[in-house]
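In the numbering used here, the protein residues as written are 3 to 451.
Virtual Cβ for every residue (Gly too), placed ideally from N, Cα, C.
Contents: one structure, followed by commentary.
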Amino acid sequence: MGRMFGTDGVRGIANKELTAETAYDLGRAGAFVLTKGAHKPKILVGMDTRISGDMLENALVAGILSVGAEAICLGIVPTPAVAYLTKKHGADAGVVISASHNPVEYNGIKFFNNKGYKLSDELEDKIQSIIESGFEGVPLPTGADIGRKVVEDGAVLDYVNHSKSLVKGDLKGLKVALDCANGASYITSLQTFRELGAEVVVINNDPDGVNINKNCGSTHPEELMDYVVKKGCDLGLAFDGDADRCLAVDEKGRLINGDFIMGICGRYLKEKGKLTKNVIVGTVMSNLGLHLALEKEGIKLVSAKVGDRYVLEEMLKEGYILGGEQSGHIIFLKQNTTGDGLVTGLMLATIIKNTGKTLSELASFIKELPQVLVNARIPNDKKNIYLEDKEIMGEIKKIEDKLQGKGRVLIRPSGTEPLVRVMLEGEDQKEIDKLAHSLAELIEKKANA
């Protein structure tokens with residue numbers, strides 16, 4: 003068996019790749035690994051709005067109960083709510099059933115430890131090894147020692163109250179458009195912004211189990227971009243299915259991605275003397291334009307591997323408080339332990355209100371460089387060819403020299419598919435497009451020879 007866990011838990015097509023049996027196994031092994039030594043441990047379970055959520059929840063909970071742990075079922079709540087509530091209520095672990103921004107046929111299972119953080123690779127591998135060993139050494143208690151399922155109805159209110167408490171004052175005078183992706187934020191985001199006094203208009207907040215992320219939310223913000231202008235809003239916020247990420251739209255209908263959001267928030271926090279060490283953690287995919295803009299502001303951008311858990315690891319290691327990805331996974335570590343779309347939206351809205359500036363004005367200090375991403379299909383055993391083949395290495399060096407420090411080349415092997423991703427940045431879109439395709443073709447040719 004290959005590695006079960008990807009960059010964000012176990013994910014696959016529900017009932018085909020991610021079956022009820024797999025969910026049971028993950029519940030049983032996860033509960034055993036994460037609650038060892040705890041007396042009658044408690045595990046919180048939340049999910050998004052997918053039709054497959056009920057099936058997988060029942061199987062997962064059965065696995066949790068089978069090792070004597072208690073499953074506290076929160077129902078439909080955002081992923082960051084599970085992270086926050088796990089830590090707040092002193093639970094031994096949290097689990098979310100969600101495939102985030104993916105289409106409805108997919109689902110996933112991701113774990114949080116008792117501090118509300120996503121698991122390390124080592125812990126995930128330990129859960130997998132328990133499953134692969136046939137659950138050797140894992141008890142199956144009987145009688146009064148079997149776990150109980152408890153349904154908790156107060157999770158939404160608890161999370162909304164926490165989110166509201168992060169805003170000093172109110173959001174009166176702001177008009178905000180929300181795109182809830184027909185996902186887990188369809189109640190929480192709407193309720194929070196309204197209770198803070200903002201005028202709120204909303205789209206895609208009527209989930210039916212199958213319309214999650216369908217032509218909406220952070221992966222398809224086009225409808226929101228039109229809607230913000232049509233309704234005369236100060237900003238728009240597009241969440242994904244489990245609301246751990248958020249992209250913004252300015253008052254002119256232009257998309258403000260995660261790089262811009264980090265830049266705006268980092269600059270504001272630095273002005274207030276609250277940006278630890280004047281550092282933001284991005285990823286290797288963060289736009290070079292963000293690096294250059296932050297440098298002028300006296301802020302350093304540190305690059306982690308792609309994946310919000312790697313961003314978090316870097317933040318925890320050095321005590322940084324702000325990090326994230328272009329996709330809108332932004333971590334405000336003083337507010338929550340994981341990417342939180344609602345917190346991100348509230349931070350942006352607060353900055354707009356407190357500065358009196360429009361979102362387009364706030365974003366204007368960053369000039370995004372054109373970026374091109376091309377996939378090169380190659381055998382899995384040749385994914386390091388770009389580090390070993392002299393002709394490919396020579397071509398990369400030639401391109402870097404041509405860009406003269408105003409661009410870059412990044413090659414990133416896929417963790418799940420037989421391909422490497424060739425990314426180029428530079429000032430001239432046509433030039434980097436041509437160079438990226440030429441380099442990808444060379445890598446394909448040499449790897450498949």
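Inclusion of Gly77 and Ala25 in the CB contact set at 8 angstroms is not warranted, their separation being larger than that value.
C-alpha of Lys392 to C-alpha of Glu124: approximately 35 angstroms in a straight line. Going by DSSP, Ser305 is part of the beta strand (DSSP E) stretching over Lys302 to Ala306.
Secondary structure of Val422 (DSSP, three-state): strand.
Checking the DSSP bridge columns, you'll see Glu72 partnered with Lys44.
The three-state reading of DSSP puts Phe114 in strand, counting E and B together. Per DSSP, the unbroken alpha helix (DSSP H) holding Lys166 starts and ends at Ala157 to Ser167. Its Cα nearest to that of Leu271, the residue Leu296 stands out among Glu370, Leu296, Cys248 and Val106.
Nearest Cα to Ile129 within the set Leu142, Gly145, Lys216 and Val12: Val12. Here DSSP, grouped into helix, strand and coil, assigns Ile99 to strand. The three-state reading of DSSP puts Pro82 in helix, counting H, G and I together. Assignment of alpha helix (DSSP H) within the stretch 377 to 404, counting only whole runs of 4 or more residues, yields 387 to 390 in chain order. Ile263 and Leu249 have their C-alpha atoms roughly 8 angstroms apart. The stretch 312 to 320 and the stretch 277 to 293 touch, with no fewer than 3 CB-CB distances between them shorter than 8 angstroms.
For the 8 angstroms CB-CB criterion, Gly343 and Asp246 form a contact. With contacts defined as CB atoms closer than 8 angstroms, Ile15 and Gly55 fail to qualify as a contacting pair. Annotated three-state conformation of Lys355 is helix, per DSSP. C-alpha of Asn386 to C-alpha of Pro415: approximately 8 angstroms in a straight line. DSSP, reduced to helix, strand and coil, places Tyr312 within a helical segment of the structure shown.
With distances taken between CA atoms, Ile66 lies nearest to Gly96 out of Gly96, Arg196 and Leu121. Within the stretch 238 to 294, the complete alpha helix (DSSP H) runs of at least 4 residues fall at 260 to 273. As a beta-bridge residue in DSSP terms, Lys177 pairs with Glu201. Per DSSP, the continuous beta strand (DSSP E) segment holding Phe334 begins and ends at Ile332 to Phe334. Counting C-beta pairs closer than 8 angstroms gives three or more between the stretch 175 to 185 and the stretch 231 to 244, which meets the contact rule. Annotated three-state conformation of Tyr229 is helix, per DSSP. Counting C-beta pairs closer than 8 angstroms gives three or more between the stretch 220 to 233 and the stretch 250 to 258, which meets the contact rule. Arg30 counts as buried, since at least 16 other C-beta atoms from the protein chains shown sit within 10 angstroms of its C-beta. When only Cα atoms are considered, Val304 and Val281 end up about 7 angstroms apart. In its chain, beyond the 5 residues on either side, Tyr270 have a beta carbon closer than 6 angstroms to the beta carbon of Ile353.
Burial of Pro209 is indicated by the presence of at least 16 other C-beta atoms within 10 angstroms of its C-beta. Each of Asn450, Met425 and Ala365 was checked against the Cα of Ala438, and the nearest Cα belongs to Met425. The C-alpha of Val376 lies about 29 angstroms from the C-alpha of Leu20. With 16 or more neighbouring CB atoms inside 10 Å of its own CB, Asn184 falls in the buried class. In this structure, Leu173 keeps its C-beta atom at 8 angstroms or more from the C-beta atom of Ala22. No Cβ-Cβ contact shorter than 8 angstroms links Pro105 with Thr190. Rounded to the nearest whole angstrom, the C-alpha separation of His164 and Gln193 is 12 angstroms.
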